[in-house]
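A.B. asks: Mind the numbering: the sequence shown is residues 1 to 921 in our numbering, read in order.
Note that beta-carbon positions come from the ideal geometry of N, C-alpha and C, so glycine has one too.
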Amino acid sequence: MEENNTPQQQAEINKDKDEVKAVQSKNAIATTTTLTGLYEDWFLDYASYVILERAVPDVRDGYKPVQRRILHSMREIDDGRFNKVANIIGNTMKYHPHGDSSIGGALVQMGQKDLLVETQGNWGNILTGDSAAAPRYIEARLSKFALEVVFNPKTTNWEMSYDGRNREPEFLPVKFPMTLMMGVEGIAVGLASKILPHNFNELIDASIKYLKGRSFEIYPDFITGGIADVSKYNDGLRGGRVRVRARIAKRDTKSLVITQVPFGTDTGRLIESILSANEKGKIKIKKIEDNTAENVEILIHLGPRVSPDQTIDALYAFTLCEDSIAPNCTVISDDKPVFIGMKEILKRSTDQTLGLLKRELEIRRDELLEKWHFSSLEKIFIRERLYRQIEEAESFDEAIKNIDVALEPYKKDLNRDVTREDIERLTEIRIRRISKYNEFKADEIIKGLEEELEEVNHHLAHIVEYTIDYFKRIKAKYGKGRERKTELASFDSINAAEVAVDNAKLYVNREEGFVGTGLKKDEFVSDCSDIDDIIAFRKNGSFMVFKAEDKVFVGKDIIHVSVLKRNDDRTVYNMVYSDGKMGKSYAKRFHVKSVTRNKMYDLTKGKEGSQVLYFSANPNGEAEIVKVKLRRRPKLKKLQFDYDFSELGIKGRAAGGNTLTKNIVSSITLKEGGVSTLGAINVYYDPIVRRFNTEERGELLGAFGPDDMVLNIMQSGEFKTTSYDFSTHFADDLLSLHKLNESKVWTAVYYEGESKFYYIKRFTFVNTEIPAAFITEHAKSKLVHITDHPKPSFEIIYKASDAPRNRESDIVDAVEFIDDKSYKAKGKRLTTYGVKKINIILPEIEEEVEVIEPEMGEIDNAEVENKQSTEATPKVVKEEDLPEVKSLDALEEEVAPEPTKKKKKKLAPICIKACAEHVEV
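1) Please report how far the alpha carbon of K280 lies from the alpha carbon of D351, in whole angstroms.
2) Among the residues of its own chain, which have a CB less than 8 Å from the CB of L180, if the five just before and after it don't count?
3) Once the 5 residues before and after E754 are set aside, which same chain residues still bring their CB inside 6 Å of it?
4) Could you check if I89 is buried or exposed, using at least 16 other CB atoms within 10 Å of its CB as the buried criterion?
5) Taking C-beta to C-beta, are V184 and P57 nearer than 8 Å?
6) Near G111, which residues of its chain fall below 7 Å by C-beta distance, leaving aside the five closest residues on each side in sequence?
7) Give me the DSSP bridge partner(s) of F704.
8) Going by Cα to Cα distance, which pick from A134, R167, P262, I363 is closest to K154?
9) By the 10 Å Cβ neighbour count, where 16 or more other Cβ atoms means buried, how is A476 classified, buried or exposed?
10) Name, in chain order, the residues that DSSP records as bridge partners for K587.
11) Between which residues of its own chain and I423 is the CB-CB distance below 7 Å, once the five residues before and five after are set aside?
12) I need the DSSP call for E2, collapsed to helix, strand or coil.
13) How far does the alpha helix (DSSP H) with M93 in it reach, from first residue to last?
14) Locate the beta strand (DSSP E) running through N712, then write down its first and last residues.
15) To which residues does DSSP link M544 through a beta bridge?
16) Under the three-state reduction of DSSP, which class applies to A748: helix, strand or coil?
17) With a 10 Å radius around its C-beta and 16 neighbouring C-beta atoms as the bar for buried, classify R631 as buried or exposed.
18) Taking Cβ to Cβ, would you say D533 is nearer than 8 Å to V545?
19) Note the first and the last residue of the continuous beta strand (DSSP E) segment covering I187.
20) Which residue from M600, G609, N328, N598 puts its Cα closest to that of M582?
21) Who pairs with H301 in a beta bridge, going by DSSP?
22) Hey, could you find the ends of the alpha helix (DSSP H) K637 is sitting in?
23) Tell me which residues share the same chain as N166 and place their Cβ nearer than 7 Å to its Cβ, disregarding the 5 neighbours each side in the sequence.
24) Less than 8 Å separating the beta-carbons of E170 and N157?
25) What did DSSP end up calling V595 once you bin it into helix, strand or coil?
26) CB-CB under 7 Å to F200, same chain, minus the five flanking residues each way: which ones, in chain order?
27) Excluding sequence positions up to five away, which residues of its chain have a Cβ less than 6 Å from the Cβ of S542?
28) Provide the residue(s) that pair with F553 in DSSP beta bridges, ordered along the chain.
29) How big is the Cα-Cα spacing for D335 and A489?
30) In whole angstroms, what is the alpha-carbon distance linking N615 and F524?
31) Can you name, in chain order, every residue of its own chain whose Cβ lies under 6 Å from the Cβ of P177, other than the five neighbours on each side?
32) Identify the continuous beta strand (DSSP E) that holds V525 and give its terminal residues.
33) With three or more C-beta pairs closer than 8 Å as the rule, is the region 708-717 touching the region 667-676?
34) Would N278 be called buried (16 or more neighbouring beta carbons within 10 Å of its own) or exposed?
35) What residue range is occupied by the uninterrupted beta strand (DSSP E) comprising I811?
36) Taking the straight line between their C-alpha atoms, what separation do you get for F263 and K64?
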């Protein structure tokens with residue numbers, strides 16, 4: 001066929017073929033490109049869908065799509081009564097295409113938070129981890145708070161549901177920082193969101209502060225209670241941390257009680273972690289009881305000789321009693337995920353609330369204007385009988401025109417133009433309404449509309465103040481019972497090695513040089529834990545620190561092995577060593593701090609042949625006296641002498657020491673045990689972390705020796721004594737701490753609940769580890785004041801209705817009013833009149849000056865006679881001629897000889913505590 005074509009025809013055919021090939025080639029390339037990017041496109045679509053439609057909340061209302069759809073569905077079927085959860089789930093599936101399981105789970109979580117959804121039936125228990133009953137057995141409805149705060153169809157933006165059959169809200173017009181109140185946790189593709197819940201009342205207070213232009217702080221508050229350290233919260237952004245703890249208290253010396261669990265944990269998981277730690281030997285408990293019902297109560301019974309305070313620290317260190325939460329605030333804003341802080345979310349929410357309230361007011365204003373317009377139009381229409389214009393009209397359009405013309409003189413009094421719709425509406429008024437029309441009542445309605453319109457305009461002009469009042473109204477209406485449940489505190493770091501119980505035994509083989517917990521046939525050293533550090537000293541003057549294991553080779557000739565306490569500045573090692581085989585002998589006292597595990601350290605000067613001649617470890621810095629015997633040699637007369645280590649200063653381990661003798665030592669033996677050379681310890685109490693310390697943090701309690709005790713005074717009117725052990729935990733109602741002085745007299749004023757009178761007592765505290773009451777144990781008895789001032793007074797201010805004649809108040813001198821007795825004494829009634837208030841008065845204490853009288857022989861007799869003569873002959877002088885009045889110190893210096901000094905009596909610090917609000921009788 002091609003051979004019969006002309007050249008021109010053949011050229012056109014070839015051109016068509018080229019175009020077809022080009023199109024085929026183009027299609028082929030397009031197909032190939034689509035296949036290559038298929039998975040990438042699908043993955044991006046999937047990731048975007050999960051982020052925007054499933055896992056991450058919208059910043060505008062704080063809800064994930066499933067939560068928003070549940071609330072919209074519940075509002076749709078709400079009639080004030082409870083609905084079966086199964087019915088709610090079924091209705092919600094019109095909007096949420098992901099099945100009943102996700103809807104049911106989200107609804108149960110919302111119901112357990114007790115804010116938006118009122119529940120009925122078994123909804124599970126967030127404290128124990130018990131799940132809710134099946135949806136067909138439980139019921140729910142919207143709370144009054146949700147109906148007032150979450151919904152308003154007039155301000156809602158609507159969009160079509162996934163199948164186009166129904167309308168659903170784009171976001172709910174929430175007038176509250178719901179994102180922060182509810183808390184959110186969700187995992188999407190490539191990112192996650194974890195927003196911690198906050199306190200209802202604190203969020204409202206923060207919103208009010210923001211509206212007033214003041215700074216604010218907000219911190220998490222958990223429905224499970226517990227204690228939280230938010231020092232590293234970082235405004236809820238990535239990288240922040242919140243440490244949460246269970247609330248643990250000492251029930252008695254042999255048991256502990258857990259009354260609140262940390263956020264994110266339930267009692268079941270918590271008990272499992274405690275049992276696991278017990279099996280691993282981290283803690284020692286006899287048994288554990290779970291009595292949790294409405295409130296958490298887990299009883300932990302301790303083994304014999306187990307410290308409750310140390311066990312509390314161990315529970316925090318080795319179990320879920322303490323956990324760390326990493327917040328990560330991710331929200332959807334403008335259809336994309338953003339990372340913003342809690343303060344920014346609250347600001348946006350508050351601004352949105354203000355905007356929604358303004359929009360509601362504007363809508364209401366327009367409605368009122370419309371009502372006023374038609375009410376006025378109706379009044380004119382009926383009063384002026386304009387409806388008669390209809391009778392003369394031949395058609396409806398003509399009737400509309402006639403009425404419009406008749407209204408012309410009155411249009412200037414209306415707030416807008418009269419439209420055809422307005423006139424048509426007038427024509428629809430029934431004859432019955434016209435015949436019974438009451439102009440006075442109509443005027444009252446119009447007046448009411450005008451007053452309400454004026455109020456709305458005022459609110460619009462003062463929208464910030466209106467928003468503040470709105471928040472205050474919400475707080476007053478719904479804030480009761482929503483006080484903070486989680487206590488905010490600063491946690492000190494717990495050293496696991498210090499609180500771990502001794503779950504192993506340490507042994508040593510001195511000759512072969514092995515130390516470990518598995519050498520059960522060798523010499524027993526002490527109990528230890530499997531996370532302790534062990535220190536071992538050898539005869540050649542070296543030592544090494546290593547982890548407790550079954551068997552560790554240290555080196556032969558071990559002279560001392562013990563458990564090492566990190567940063568221990570109380571344990572002092574006393575040592576004598578020879579510098580080489582025939583060299584001098586040196587004595588040294590040293591601490592061991594800041595060492596590296598498994599590294600050998602030398603305590604001598606490093607000369608070959610050096611060896612330890614004497615060694616002792618002293619846990620409280622004791623310094624003994626030793627007897628040193630020297631080897632005999634010619635011309636050596638004194639073969640032995642005593643050496644007192646207390647004469648030697650404590651230095652670092654690298655110090656060479658002081659020369660003991662240049663002669664060769666035969667032996668060194670202990671002659672006399674020593675006492676501590678470290679003196680008393682200055683103990684401080686840090687109220688922020690509620691712990692003792694020696695780093696000068698907090699309040700100085702005093703210098704404590706080994707036998708000194710700490711007095712604990714409680715708000716409840718009880719007291720007890722404890723040691724100054726740094727692991728000590730304190731009662732929640734702790735009022736004050738003091739160094740116990742059993743001779744110091746205290747004064748207390750308290751309200752006696754049974755007699756309903758105020759009592760005063762003076763007494764001394766005694767040493768008792770069991771809590772004892774120093775006020776009556778009646779339930780209504782309350783401690784008002786307590787002080788250790790030696791001469792306190794109290795001002796009693798009486799009630800105006802029940803006061804002594806001509807007196808509004810009295811002052812009582814405690815020392816003159818009552819003698820000091822036992823702390824068990826009831827005390828003496830202050831007054832029988834009605835008491836409004838009792839104030840404490842503490843007079844200044846004059847410093848006592850003790851003057852040492854010199855002997856008369858040491859004083860110039862002439863000077864004394866001269867002074868006596870001067871004093872015996874008084875004369876009147878003018879004020880300006882008076883000599884300078886000398887102080888007592890100066891007079892002493894004139895009278896006393898040079899060595900004599902004055903002595904001032906040291907006064908103990910005064911404790912003053914206002915303990916409770918006064919109870920009016």
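C.D. replies: Reading from the atomic positions:
1) 54 Å
2) G62, I195, P197, H198, L203, I218, M342, I345, L346, S349
3) H778
4) buried
5) Cβ distance < 8 Å, so V184 and P57 count as in contact.
6) Excluding sequence neighbours, G111 sits near V117, T119, W123, A140.
7) I681
8) I363
9) exposed
10) Here residue 587 is Ala; the residue named in the question, Lys, does not match the sequence. Answer by DSSP bridge pairing, in chain order: V576, N658.
11) I400, I403, D404
12) Interpretation of E2 is limited by its pLDDT of 45, a score under 50 that renders its predicted location unreliable; no figure is taken from the coordinates.
13) That residue, M93, is in no alpha helix (DSSP H); it is neither H nor E in DSSP.
14) 710-714
15) The partner list for M544 (beta bridge, DSSP) reads A536, M600.
16) Strand at A748.
17) exposed
18) Contact: yes.
19) 184-187
20) G609
21) Secondary-structure assignment with DSSP links H301 through a beta bridge to S255, K287.
22) Where K637 is concerned, there is no enclosing alpha helix (DSSP H), given that its DSSP letter is neither H nor E.
23) K94, Y95
24) yes
25) Reduced to three states, the DSSP call for V595 is coil.
26) M181, G479, R482
27) M600, D602
28) F514
29) 38 Å
30) With the sequence shown as reference, residue 615 is identified as Phe, and Asn is not the correct amino acid for it. Rounded to whole angstroms, F615 to F524 spans 19 Å at the Cα level.
31) L203, L346, S349
32) 523-528
33) no
34) buried
35) 809-813
36) 21 Å
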